[in-house]
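S.K.: Chains as they are written, first to last, in the working numbering: chain A, 374 to 594; chain B, 374 to 594.
Number of protein chains: 2
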Amino acid sequence: MQEDNKPPSERARIRRASERAHYDAETIHTIVDAAWLCHVAFACPDVLCLPTACWRVGDQLYIHGSNGSRMMKHLASGAPACVAITHLDGLVMARSAFSHSMNFRSVVIHGHFTEVADEAKPAVLAALMEHIAPGRARDSRPPDASELKATTVLGISLHEAAAKIRNWGPKDKEDDLALPFWAGVLPMREQHLPAISEPGHEGTLPSYVQTWAASPATASA
Amino acid sequence: MQEDNKPPSERARIRRASERAHYDAETIHTIVDAAWLCHVAFACPDVLCLPTACWRVGDQLYIHGSNGSRMMKHLASGAPACVAITHLDGLVMARSAFSHSMNFRSVVIHGHFTEVADEAKPAVLAALMEHIAPGRARDSRPPDASELKATTVLGISLHEAAAKIRNWGPKDKEDDLALPFWAGVLPMREQHLPAISEPGHEGTLPSYVQTWAASPATASA
Chain A
374 MQEDNKPPSE RARIRRASER AHYDAETIHT IVDAAWLCHV AFACPDVLCL
424 PTACWRVGDQ LYIHGSNGSR MMKHLASGAP ACVAITHLDG LVMARSAFSH
474 SMNFRSVVIH GHFTEVADEA KPAVLAALME HIAPGRARDS RPPDASELKA
524 TTVLGISLHE AAAKIRNWGP KDKEDDLALP FWAGVLPMRE QHLPAISEPG
574 HEGTLPSYVQ TWAASPATAS A
Chain B
374 MQEDNKPPSE RARIRRASER AHYDAETIHT IVDAAWLCHV AFACPDVLCL
424 PTACWRVGDQ LYIHGSNGSR MMKHLASGAP ACVAITHLDG LVMARSAFSH
474 SMNFRSVVIH GHFTEVADEA KPAVLAALME HIAPGRARDS RPPDASELKA
524 TTVLGISLHE AAAKIRNWGP KDKEDDLALP FWAGVLPMRE QHLPAISEPG
574 HEGTLPSYVQ TWAASPATAS A
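#1: Assign B:LYS537 to one of two classes, buried (16 or more other C-beta atoms within 10 Å of its C-beta) or exposed (fewer than that).
#2: Can you tell me which of the three DSSP states A:SER593 falls into?
#3: What do you get for A:ARG468, buried or exposed, if any count of 16 or more other CB atoms within 10 angstroms of its CB means buried?
#4: If we call anything under 7 Å between Cβ atoms a contact, is B:ALA558 one with B:GLY542?
#5: Which one of B:ALA449, B:HIS483, B:ARG478 and B:HIS460 has the shortest CA to CA distance from B:THR524?
#6: Inspect the beta-carbon positions of A:ILE404 and A:VAL480 and report whether they are closer than 7 Å.
#7: Is there contact between the stretch 542 to 556 of chain B and the stretch 502 to 517 of chain A, where contact requires at least three CB pairs shorter than 8 Å?
#8: Please indicate yes or no: does the CB of B:ARG386 lie closer than 6 Å to some heavy atom of the ligand PLP?
#9: Please report how far the alpha carbon of B:ALA407 lies from the alpha carbon of B:MET502, in whole angstroms.
#10: Output yes if chain A places a C-beta closer than 7 Å to the C-beta of B:PRO495; else output no.
#11: When DSSP labels each residue in this structure, what does A:GLN375 get in the three-state scheme?
#12: Once DSSP output is grouped into helix, strand and coil, what is the label at A:LEU410?
#13: Assuming A:TYR396 is part of the alpha helix (DSSP H), what are its boundary residues?
#14: For the stretch 501 to 516 of chain A, list every residue whose C-beta sits within 9 Å of some C-beta in chain B, in sequence order.
#15: Would you decide whether B:PRO560 is buried or exposed? Buried here means 16 or more other CB atoms lie within 10 Å of its CB.
#16: Which whole-angstrom value describes the C-beta separation of A:HIS483 and B:ASP419, a residue pair presumed to lie in contact below a C-beta threshold of 8 Å?
#17: Return the residue from the list A:ARG388, A:ARG562 and A:LYS546 that minimises the CA-CA distance to A:GLY463.
#18: How would you list, in chain order, the residues of chain A whose beta-carbon sits under 8 Å from the beta-carbon of B:ARG388?
#19: Starting from B:SER519, trace the alpha helix (DSSP H) both ways and give me its first and last residue.
#20: Just to confirm, are A:LEU461 and A:MET444 a CB contact at a threshold of 7 Å?
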């Protein structure tokens with residue numbers, strides 16, 4: 374990734390509203406780390422767009438699934454892929470219909486996935502558990518040999534990626550500023566609701582359960 | 374769409390966890406209508422996955438953008454496309470790492486877009502405004518002729534689509550049920566925060582602004 378805000382490749386260059394483009398690793402990683410899932414596009418041979426859980430370790434984004442999954446089998450072959458992560462932060466209401474917009478943070482990743490080797494799988498899957506809830510990797514039964522064997526884990530480099538952020542108010546044309554319509558932002562964010570426990574657990578709740586509903590995801594208006 | 378929960382086509386058939394599949398129009402429309410944006414996959418010639426605003430009228434999902442947009446130009450040519458909409462409703466924590474899951478509602482649409490003719494554009498774009506906020510189409514300056522001309526509006530049929538819903542607790546293997554780990558769901562939903570008004574507006578706030586922060590999106594745990 375580039376520190377001087379230049380795209381890492383021509384296909385990763387943001388074409389529309391390029392003033393919203395960011396190509397630095399810190400911005401890309403922050404947006405990726407706030408995501409529970411991504412959308413993966415590939416051609417198999419029909420073009421497909423499927424949601425799946427994702428997590429980051431270093432400069433790799435990981436996804437996983439059953440060995441039998443069409444998506445896993447196809448992507449493990451090294452087929453070209455594009456991955457998008459999008460957080461919607463607000464509806465931007467301008468005085469003119471034309472100038473309405475949305476506030477968002479997105480990352481689009483270009484490249485292809487490679488399969489995580491058997492010996493590296495436990496650590497990468499433990500990182501998924503820690504992404505879901507810090508401490509959860511130790512606070513659950515780890516995958517056994519047959520579960521590990523049944524699971525494909527795929528990583529894609531974050532080096533050929535672009536982030537796009539819009540986090541400001543409406544930008545009406547000069548002539549529209551005096552129109553009598555309300556303008557502003559209707560913000561939104563991910564809200565965490567109280568945990569729903571399965572019966573049978575005794576003792577104190579893990580800290581990630583206790584703090585869940587008190588920890589909304591951060592978002593900018 | 375099928376009323377007997379049969380897939381509308383082989384490529385739209387859900388392969389993994391097919392007990393979560395729904396092919397009826399009501400389920401598909403409800404999930405689509407709860408979305409502000411979708412992810413669109415297409416090959417141009419590299420496969421791309423891009424987020425964009427979306428809205429439904431009848432059995433069509435619409436997107437829009439500048440005439441100059443690479444995505445708009447490519448999709449207007451009738452290129453194959455796949456569109457995904459995903460709402461994440463909760464993290465599902467099982468006693469075993471392997472049985473962790475997510476609660477979600479998703480729709481995947483297969484087909485191709487067709488361009489909305491000039492004479493139909495104003496009504497379809499007004500429907501976008503009404504999707505954003507009921508009443509907003511009349512409470513903003515409508516697009517003028519040059520704005521309409523600069524905007525491409527594309528529709529894709531919802532007939533070749535599949536919904537997938539998971540909205541239940543963890544399903545551990547029998548042998549894992551007695552493990553001492555907490556299991557349950559960490560639910561989440563879209564939260565609406567108080568509106569941020571631009572300066573200069575006088576009079577009462579429109580009802581869609583007044584009610585925004587009191588109207589979280591509906592979600593199931």
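For glycine and all other residues, C-beta sits at the position ideal for the given N, C-alpha and C.
M.R.: According to the structure shown:
#1: buried
#2: Below a pLDDT of 50, predicted positions are generally treated as unreliable, and A:SER593, at 41, falls in that range; no measurement from the model is reported.
#3: buried
#4: Before going further, note that residue 558 of chain B is Val rather than Ala in the sequence given. Result yes, Cβ atoms of B:VAL558 and B:GLY542 sit closer than 7 Å.
#5: B:ALA449
#6: yes
#7: yes
#8: You won't find the ligand PLP in this model; it holds no ligand whatsoever.
#9: 15 Å
#10: no
#11: In this predicted model, A:GLN375 has a pLDDT of only 43, less than 50, meaning its place in the structure is not dependable enough to derive any value.
#12: strand
#13: First-last for A:TYR396: undefined, no H or E at that position.
#14: LEU501, MET502, ILE505, ALA506, ARG509, ALA510, ASP512, SER513, ARG514, PRO515 and PRO516
#15: buried
#16: 7 Å
#17: A:ARG562
#18: SER442 and ARG443
#19: 518 to 523
#20: no
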